[in-house]
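Notes for the one structure printed next.
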């Protein structure tokens with residue numbers, strides 16, 4: 001299908017360009033580690049209570065570092081008016097969204113998968129006891145961040161103070177998802193399974209992702225072409 | 227009677243309430259070359275971007291080969307060259323063209339890419355990163371990108387501006403070939419001489435209105451300012 | 461004509477409020493809370509009006525994207541700005557209540573917390589508008605954001621409620637006791653007055669926005685000449 005081919009082309013293009021320059025990914029890695037370091041001064045990493053706040057802490061790191069990647073997503077199309085090249089092509093807005101979102105997803109996940117072991121080391125926490133459920137939660141939450149962030153990256157690309165506007169607009173929208181992700185992450189890092197009442201959060205993450213991905217797919221064309 | 231390649235009917239474009247384009251209507255039959263001239267800020271770029279499907283007209287319709295350029299399929303028959311070259315600095319020349327070839331759904335993107343690199347004299351640097359290219363080389367690569375997918379209609383926004391001599395020659399040769407093959411060209415320009423040599427029709431945009439639209443006459447080449455003097459504002 | 465309608469609505473709203481104040485003041489004190497319970501007659505209608513406003517903003521945004529008529533954009537801005545003010549009233553009255561009843565300026569009551577998040581969402585709408593200069597782009601992007609924000613609102617409410625069951629906090633108006641009927645009437649009357657007030661303020665703001673657009677247009681036209 002042409003649609004899928006176009007999505008793949010855009011995703012590989014973004015990833016290849018990023019691997020050549022490594023601008024966003026290096027900054028994002030560094031940022032994540034710095035935040036983890038600073039927060040470890042704020043909370044004594046050896047205490048039991050750290051396990052409780054692990055969920056919140058990790059997702060603060062993920063969202064802040066993720067914003068760097070998302071900002072770059074459409075900013076990389078500005079030099080040479082490359083965005084014009086994409087808009088002139090027979091690529092529907094939804095394909096452009098999906099292509100870029102997938103590339104962003106891969107990059108942000110890469111940063112998170114580095115941040116997790118670093119977190120484990122700095123805070124002396126064994127976080128792998130519920131590894132696959134944790135990966136599920138991280139995956140779902142990151143997609144929510146990516147879907148909304150990619151649309152807003154396109155929306156803010158030409159605004160002054162873009163780097164500030166993007167997080168300012170995206171974070172409030174993501175609060176429900178962050179609540180669920182933080183809660184489940186704290187649970188899973190502490191080694192407890194998702195059970196009983198907490199499954200509602202998992203359903204929230206799924207629902208959030210589906211709703212906002214659908215919205216993004218529909219509205220991307222409007223954002224790009226007015 | 228040849229078919230209409232570019233059809234503009236009652237197009238207005240508003241920035242807020244201010245009309246940047248007012249009631250623009252014209253047709254370009256297949257195989258013709260329309261040169262759009264006008265002052266800076268007259269609305270040439272705005273019009274071309276609407277024709278290419280980048281933005282929406284506030285009122286009126288545009289059709290390229292019978293379909294609206296806002297439909298994805300219609301855009302596969304349009305080649306656009308704007309102010310920016312729309313080429314990725316971090317990729318090589320070949321990678322760039324292959325990328326666009328795949329986006330346009332070409333059956334043999336690699337083949338088409340290599341063909342156009344030869345055509346624009348860039349096959350020796352095909353694996354070089356565009357970041358290291360000279361300005362003229364980038365312009366030639368942009369021309370390759372615009373024509374890679376064999377478009378029937380070419381929309382060019384001031385294509386001759388800031389080109390070196392070699393790039394100008396390449397572009398003129400490419401456009402002549404395209405017109406000889408029956409393709410349609412609409413280009414906005416300041417470089418009257420190079421453009422008017424190729425043009426079959428001329429249109430003057432003045433403050434958002436189409437002040438003049440007619441065939442290109444020999445007088446226009448000898449005295450390019452004639453149209454401005456006759457139909458431009460006082 | 462429009463001016464007269466606006467003044468008429470404001471006057472009507474004022475009369476209803478003032479009359480209702482008397483009705484509210486003669487209600488007997490609530491058993492647990494003393495005098496402060498009367499704040500509910502402003503707290504709840506303000507929230508109801510703001511929520512209705514956000515729905516109107518959504519419809520206006522969708523209509524703008526569909527029809528490209530700037531009236532809908534002006535309506536969306538007006539309704540959202542007035543809604544922010546009313547939501548602020550809701551937050552402040554809730555905070556005062558919390559101070560009197562629980563001794564804290566902010567208790568993480570689920571409804572109030574959700575209201576705060578919604579306030580931030582719609583404040584973002586205004587900040588986005590400020591950052592965009594070109595009117596058509598501003599209207600389009602603001603409409604897109606408004607759609608995202610409205611979609612988020614119910615999700616925010618649900619998620620904060622679930623979150624609260626994990627971290628139980630004191631709640632205002634637990635539905636243990638039923639509403640006495642004379643409360644219901646006073647509340648309804650205030651609700652009507654509040655909605656009238658909201659509508660009048662929206663019309664004033666709408667008029668102002670349309671005038672601003674005319675000025676921008678004249679300015680651009682003058683510069684073009």
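Protein chains in written order, with our numbering: chain E, 1 to 226; chain H, 227 to 460; chain F, 461 to 685.
Backbone N, C-alpha and C fix where the C-beta goes; we use that ideal spot for every residue, glycine too.
Rounded Cβ spacing between residue i and residue j (contact assumed at less than 8 Å)
i: residue 520(F); j: residue 532(F); result: 5 Å
i: residue 427(H); j: residue 237(H); result: Contact flag wrong, Cβ pair sits at about 17 Å.
i: residue 410(H); j: residue 258(H); result: 6 Å
i: residue 198(H); j: residue 278(H); result: The structure shown does not extend to residue 198(H), since chain H is modelled only from 227 to 460, so the question has no answer here.
i: residue 604(F); j: residue 175(E); result: Between residue 175(E) and residue 604(F) the Cβ distance is about 19 Å, and since that is not below 8 Å, they are no contact.
i: residue 513(F); j: residue 540(F); result: 7 Å
i: residue 581(F); j: residue 602(F); result: Wrong, their Cβ atoms sit about 13 Å apart, outside the cutoff.
i: residue 101(E); j: residue 65(E); result: The Cβ separation is near 17 Å, so there is no contact.
i: residue 132(E); j: residue 119(E); result: Between residue 119(E) and residue 132(E) the Cβ distance is about 18 Å, and since that is not below 8 Å, they are no contact.
Beta-carbon spacing of residue i, residue j below 9 Å
i: residue 189(E); j: residue 125(E); result: yes
i: residue 527(F); j: residue 596(F); result: no
i: residue 148(E); j: residue 212(E); result: yes
i: residue 288(H); j: residue 233(H); result: yes
i: residue 422(H); j: residue 447(H); result: yes
i: residue 25(E); j: residue 110(E); result: yes
i: residue 88(E); j: residue 265(H); result: no
i: residue 365(H); j: residue 391(H); result: no
i: residue 381(H); j: residue 356(H); result: no
i: residue 447(F); j: residue 573(F); result: This structure cannot speak to residue 447(F), because chain F is shown only from 461 to 685.
i: residue 650(F); j: residue 488(F); result: no
i: residue 106(E); j: residue 222(E); result: no
i: residue 181(E); j: residue 151(E); result: no
i: residue 6(E); j: residue 95(E); result: yes
Cutoff 9 Å: residue i Cβ touching any chain H Cβ
i: residue 528(F); result: yes
i: residue 25(E); result: no
i: residue 669(F); result: no
i: residue 541(F); result: no
i: residue 634(F); result: At residue 634(F), the pLDDT of 48 sits below 50, so the modelled position is not reliable; the number obtained from the coordinates is stated separately. So no, residue 634(F) is outside the interface.
i: residue 100(E); result: no
i: residue 80(E); result: yes
i: residue 130(E); result: no
i: residue 17(E); result: yes
i: residue 176(E); result: no
i: residue 103(E); result: no
i: residue 532(F); result: no
Candidates the options: closest to residue i by CA position
i: residue 464(F); options: 660(F), 551(F) and 671(F); result: 660(F)
i: residue 454(H); options: 437(H), 441(H), 270(H) and 412(H); result: 437(H)
i: residue 612(F); options: 108(E), 132(E), 144(E) and 221(E); result: 144(E)
i: residue 169(E); options: 645(F), 609(F) and 616(F); result: 609(F)
i: residue 368(H); options: 320(H), 307(H) and 412(H); result: 307(H)
i: residue 161(E); options: 534(F), 591(F) and 673(F); result: 591(F)
i: residue 467(F); options: 657(F), 579(F) and 517(F); result: 657(F)
i: residue 183(E); options: 620(F), 642(F) and 544(F); result: 620(F)
i: residue 547(F); options: 510(F), 582(F) and 555(F); result: 510(F)
i: residue 503(F); options: 588(F), 541(F) and 646(F); result: 646(F)
i: residue 117(E); options: 36(E), 172(E), 205(E) and 216(E); result: 36(E)
i: residue 54(E); options: 207(E), 191(E) and 206(E); result: 191(E)
i: residue 268(H); options: 275(H), 246(H) and 251(H); result: 246(H)
i: residue 675(F); options: 286(H), 244(H), 435(H) and 230(H); result: 244(H)
i: residue 571(F); options: 471(F), 587(F) and 554(F); result: 554(F)
i: residue 477(F); options: 551(F), 680(F), 602(F) and 501(F); result: 501(F)
i: residue 271(H); options: 420(H), 430(H) and 456(H); result: 430(H)
i: residue 14(E); options: 210(E), 40(E) and 82(E); result: 82(E)
i: residue 462(F); options: 672(F), 578(F) and 667(F); result: 667(F)
i: residue 388(H); options: 457(H), 443(H), 434(H) and 363(H); result: 363(H)
CB contact check: residue i to chain E, cutoff 9 Å
i: residue 192(H); result: Here chain H has residues from 227 to 460 only, and residue 192(H) is not among them.
i: residue 313(H); result: yes
i: residue 301(H); result: yes
i: residue 460(H); result: Any reading at residue 460(H) is ruled out, since the residue's pLDDT is 41, under 50, leaving its predicted position unreliable.
i: residue 366(H); result: no
i: residue 386(H); result: no
Within-9 Å CB hit, residue i to chain F
i: residue 243(H); result: yes
i: residue 240(H); result: yes
Quick check: the stretch 391 to 409 of chain H against the stretch 280 to 300 of chain H, are there 3 or more CB pairs under 8 Å? no
Per the contact definition of three or more C-beta pairs closer than 8 Å, is the stretch 11 to 23 of chain E in contact with the stretch 303 to 319 of chain H? yes
Across the stretch 322 to 329 of chain H and the stretch 75 to 93 of chain E, are there enough close Cβ pairs to call them in contact, namely three or more that are closer than 8 Å? yes
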